[in-house]
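Since the structure comes first, as structure tokens, the remarks are kept for the end.
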Amino acid sequence: AQTVTQSQPEMSVQEAETVTLSCTYDTSESDYYLFWYKQPPSRQMILVIRQEAYKQQNATENRFSVNFQKAAKSFSLKISDSQLGDAAMYFCAYDFGGGGADGLTFGKGTHLIIQP
Amino acid sequence: GAVVSQHPSWVICKSGTSVKIECRSLDFQATTMFWYRQFPKQSLMLMATSNEGSKATYEQGVEKDKFLINHASLTLSTLTVTSAHPEDSSFYICSVEGFNEQFFGPGTRLTVL
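Dropping the structure here:
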């Protein structure tokens, strides 16, 4: 079974600074997808960024980028120029990409606090 | 992307009663939807996969007779919590898979008294 581990229950960063959230996962598959989701107090899940395992290039979305290390099974999220609106729970998630529809396996989450 | 709605957004019921939660895909035909449960200050846990026109598949430890899932059309899946008990109080979230990602509904908060 796949597992996703987020070892930082809470992180705090000053506004405008950069923060990195860690995620490791365990799988025996070679084809899969990894995601970072943001869950603000409204509890609506919002996709932040997605990485296909077969792509060596790290995904980026504006201020958000990932460091994907497939051999190490590591998938960290870097948030640059942190903004107050970035404060939320962040979940790392895994999706087996071998065809068919699969549910996501989530990590326990990291609570990100932005200090003004 | 797909737009997903859930109804109701919040429901309170008495212990022993049944509650139905609807998940609708508003602009995308979904052959597969997923149901997750999130307890306070915890992560999302996959409960079951809802398949249009066939039986749902449940994750290990989830009682299929307690959490009834019906996916009668490409736009609607329902989750019925039967004989609800206080320990079923949780946040229930559905999602639709499309374009190699999942689109989540806004969630339903269930409180069982």
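These protein sequences, in sequence, are chains U and F. No gaps in the numbering here: position 5 of the first sequence is 321 in the working numbering, and each next residue is one more. No gaps in the numbering here: position 58 of the second sequence is 417 in the working numbering, and each next residue is one more. All residues carry an ideal CB built from backbone N, CA and C; glycine is no exception. From a predicted model like this one, the values you see are computed outputs, not experimental measurements.
- Tyr349, Phe351, Tyr353, Gln355, Ser358, Arg359, Gln360, Met361, Ile362: these are the residues of the stretch 338 to 362 of chain U whose beta carbon lies less than 9 Å from some beta carbon of chain F, given in chain order.
- Contact of glycine 466 (chain F) with chain U is assigned, a C-beta pair being separated by under 8 Å.
- A Cβ-Cβ distance of about 6 Å is found for the pair cysteine 372 (chain F) and alanine 443 (chain F), placing them in contact under the 8 Å criterion.
- Not a single C-beta of chain F is nearer than 8 Å to the C-beta of leucine 428 (chain U).
- Contact annotation: the stretch 372 to 381 of chain F does not touch the stretch 378 to 392 of chain U, with fewer than three C-beta pairs closer than 8 Å.
- Among the bridge pairs identified by DSSP, asparagine 410 (chain F) is matched with F:Thr391.
- DSSP places valine 421 (chain F) outside any beta strand (DSSP E), giving it a letter other than H or E.
- Three or more beta-carbon pairs drawn from the stretch 401 to 412 of chain U and the stretch 355 to 369 of chain U are found closer than 8 Å, and the two stretches are therefore classed as touching.
- Across the set F:Met404, F:Asn410, F:Leu469, the C-alpha of F:Asn410 shows the shortest separation from the C-alpha of threonine 390 (chain F).
- Below the 8 Å Cβ cutoff, chain U contributes no neighbours of phenylalanine 398 (chain F), its closest Cβ being approximately 12 Å away.
- The DSSP-derived three-state label of glycine 457 (chain F) is strand.
- For valine 370 (chain F), the closest C-alpha among the options F:Leu405, F:Ser449, F:Asn429, F:Asn459 is that of F:Ser449.
- Counting only residues of its own chain and dropping the five nearest sequence neighbours on each side, glutamate 418 (chain F) has a CB closer than 7 Å to the CB of Leu405, Met406, Ala407.
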